[in-house]
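Written below as structure tokens is the structure these notes are about.
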């Protein structure tokens, strides 16, 4: 440190050259998010006869760097809704605060029925669509898992464009390619949901998390999993993948150090 | 009335030669006619109770709640002009939300009382406004646990720079009363409205400063005190409205909620019984 406070904490001009002031210009068009910065990868979820199972790993990546390894990407809204976030983590934090202020306002009066998963999904879809229409999207792909009226299982997604989609099985990010086929093998349609038990659904989601860890380079073996039923939410935020088997790795050919 | 304004009471914020602000004193008069409201700070929570006078038989019983929730963990009950009370609550909610926007955490009860005290006091300063015609009782539980800031996703360092301070104790039950002048104090037990005198003397008997009264006992005492305070205006019908807020380990899990119907009815039954008992004793003494 020297006797020039204005130079403290800055790259020294004599070492690095003068700072390029063009980075600081205030004129020109206003720019919004062009790409996410710190990101979470897949969220997977499946409906079963009494509720929904949803899971996401605990990693936040900075590009290809595994930057934060204890990030909780499943958020409880109330006793019957869990929201899972893929994509930008800071936008997730913004949405988390937005939802918590919504929850506070909802609870000013106790006489009204609480917001269910369907209500919340509608709300989030409007927020996301508004933001993309402002050319300032929230860079997330969101799964809303929970119960709608008469405690029916509810599962739907909304993405950064405000696109909504609903299905008995859903997965975001890499999971949309890798987990969704596995989920659909067990739960091909809405009619099948009735015959899927809680244990089956949990096992299925855990299997998907394992496959995702095998093949998704932005994933982690620590994950969170939540089961939503009419009895409440069972959220575990510090799960570890069990019984991994990397035997298949030897058979992989065609890239990396093993060219053929 | 000895406090005739003789011209010094026509405009707000004007002192009389002997140093009084009459408009504020008249606002206090408005409060003195309202239904009795009390708050009790117990060792594991706070109870708020209100004698809600029924102004019409056409009103739906149990509807039109008068005790309001601020954020999740604070309740406000007021006595005096109802619309002023509504505005007070609306401002308190804005203050709580504003605090969260700045600090990403719930507002402490003391900070809310401070901000609302300042807000109410500002209405004694200008000729374009009148003072609040309410005295509000603010009760809350500040969370004792280490909670994540809003939107926090990870746990951060457990030790060292940015880590946690060991053994730091914070949180607990808090109770404040804010008057039309903007004056606010913290209380063990607070009472306002028509029956405040008898309510206060009952509160004093509880020895709240000792910190022995549990929340459940507090609920029963609160119900009894409202019934006692109602004795002087027996001809009017009223509904008992009660809310409470406890620790995380307690019945409300740190949230401000209505006292469950069963417990409230039990408390009312005991309150009525206690009153009847008093009457019997009085009769005996007369004999």
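Chains as they are written, first to last, in UniProt numbering: chain Y, 1 to 260; chain C, 1 to 287.
Glycine included, each C-beta is placed from N, C-alpha and C at the ideal position.
For my contact list, residue i and residue j are in at a C-beta cut-off of 8 Å; report their separation, rounded to the angstrom.
i                      : j                      : result
residue 104 of chain Y : residue 226 of chain Y : Not really, about 22 Å apart at Cβ, beyond 8 Å.
residue 219 of chain Y : residue 59 of chain Y  : 6 Å
residue 34 of chain C  : residue 102 of chain C : 34 Å between Cβ atoms; not a contact.
residue 139 of chain C : residue 175 of chain C : 5 Å
residue 134 of chain C : residue 12 of chain C  : No, residue 134 of chain C and residue 12 of chain C are not in contact; Cβ-Cβ is about 16 Å, not under 8 Å.
residue 84 of chain C  : residue 132 of chain C : 5 Å
residue 85 of chain Y  : residue 142 of chain Y : 6 Å
residue 259 of chain C : residue 244 of chain C : 5 Å
What are the boundary residues of the beta strand (DSSP E) that residue i is part of?
i                      : result
residue 74 of chain C  : 74-80
residue 282 of chain Y : Coverage of chain Y is limited to positions 1 through 260, which leaves residue 282 of chain Y absent and any answer about it impossible.
residue 61 of chain Y  : 60-62
residue 213 of chain Y : Segment 198-215 is the alpha helix (DSSP H) holding residue 213 of chain Y; no beta strand (DSSP E) there.
residue 237 of chain Y : 232-240
residue 155 of chain C : Where residue 155 of chain C is concerned, there is no enclosing beta strand (DSSP E), given that its DSSP letter is neither H nor E.
residue 53 of chain Y  : 51-57
residue 158 of chain Y : 153-158
residue 141 of chain Y : 140-147
residue 67 of chain Y  : 65-68
Between residue i and chain Y, is there a C-beta pair that is closer than 8 Å?
i                      : result
residue 300 of chain C : What the structure shows of chain C is the stretch from 1 to 287, and residue 300 of chain C is not part of that stretch, so it cannot be assessed.
residue 239 of chain C : no
residue 72 of chain C  : yes
residue 154 of chain C : yes
residue 139 of chain C : no
residue 68 of chain C  : yes
residue 232 of chain C : no
residue 150 of chain C : yes
residue 257 of chain C : yes
Using beta carbons (cut-off 8 Å, strictly below), is residue i in contact with chain C?
i                      : result
residue 100 of chain Y : yes
residue 116 of chain Y : no
residue 113 of chain Y : no
residue 108 of chain Y : yes
residue 68 of chain Y  : yes
residue 97 of chain Y  : yes
residue 142 of chain Y : no
residue 222 of chain Y : no
residue 89 of chain Y  : yes
residue 228 of chain Y : no
residue 44 of chain Y  : no
residue 180 of chain Y : no
residue 93 of chain Y  : yes
residue 49 of chain Y  : no
residue 152 of chain Y : no
Would you mind sorting residue i into buried or exposed? The rule is 16 or more other CB atoms within 10 Å of its CB.
i                      : result
residue 149 of chain C : exposed
residue 140 of chain Y : buried
residue 197 of chain C : exposed
residue 250 of chain Y : exposed
residue 65 of chain Y  : exposed
residue 14 of chain Y  : exposed
residue 217 of chain Y : exposed
residue 163 of chain Y : exposed
residue 154 of chain Y : buried
residue 188 of chain C : buried
residue 121 of chain Y : buried
residue 357 of chain C : In the structure displayed, chain C extends from 1 to 287; residue 357 of chain C sits before or after that span and is not available.
residue 51 of chain C  : buried
residue 18 of chain C  : exposed
residue 47 of chain Y  : buried
residue 223 of chain C : buried
residue 6 of chain Y   : exposed
residue 252 of chain Y : exposed
residue 287 of chain C : Low confidence applies to residue 287 of chain C: its pLDDT is 48, below 50, so where it sits in the model is not reliable enough to give any reading.
Quick check on residue i - is its C-beta less than 8 Å from some C-beta in chain D?
i                     : result
residue 98 of chain C : No chain D appears in the structure shown, which is made up of the protein chains Y and C.
Can you tell me where the alpha helix (DSSP H) with residue i in it begins and where it stops?
i                      : result
residue 118 of chain C : 109-122
residue 16 of chain Y  : 13-16
residue 128 of chain C : Taken as a continuous stretch (DSSP letters only), residue 128 of chain C belongs to no alpha helix (DSSP H), as it is neither H nor E.
residue 198 of chain C : 196-205
residue 192 of chain C : It is not in any alpha helix (DSSP H) - residue 192 of chain C instead sits in the beta strand (DSSP E) that spans 189-192.
residue 90 of chain Y  : 89-106
residue 22 of chain C  : 22-32
Meets three-Cβ-pair contact criterion under 8 Å: the segment 108-117 of chain C and the segment 176-189 of chain C: yes
Three-pair Cβ contact test at 8 Å for the segment 167-175 of chain C versus the segment 74-90 of chain Y: no
Validate contact between the segment 141-148 of chain Y and the segment 177-187 of chain Y using beta carbons, cut 8 Å, 3 pairs: no
Cβ contact check for the segment 17-25 of chain C and the segment 209-216 of chain C: 3 or more pairs under 8 Å: no
Validate contact between the segment 232-239 of chain Y and the segment 90-99 of chain C using beta carbons, cut 8 Å, 3 pairs: no
Validate contact between the segment 117-127 of chain C and the segment 52-61 of chain C using beta carbons, cut 8 Å, 3 pairs: no
Touching by the beta-carbon criterion (3+ pairs, under 8 Å), the segment 253-271 of chain C and the segment 69-78 of chain C: yes
Given 8 Å, three or more beta-carbon pairs between the segment 40-50 of chain Y and the segment 22-31 of chain Y: no
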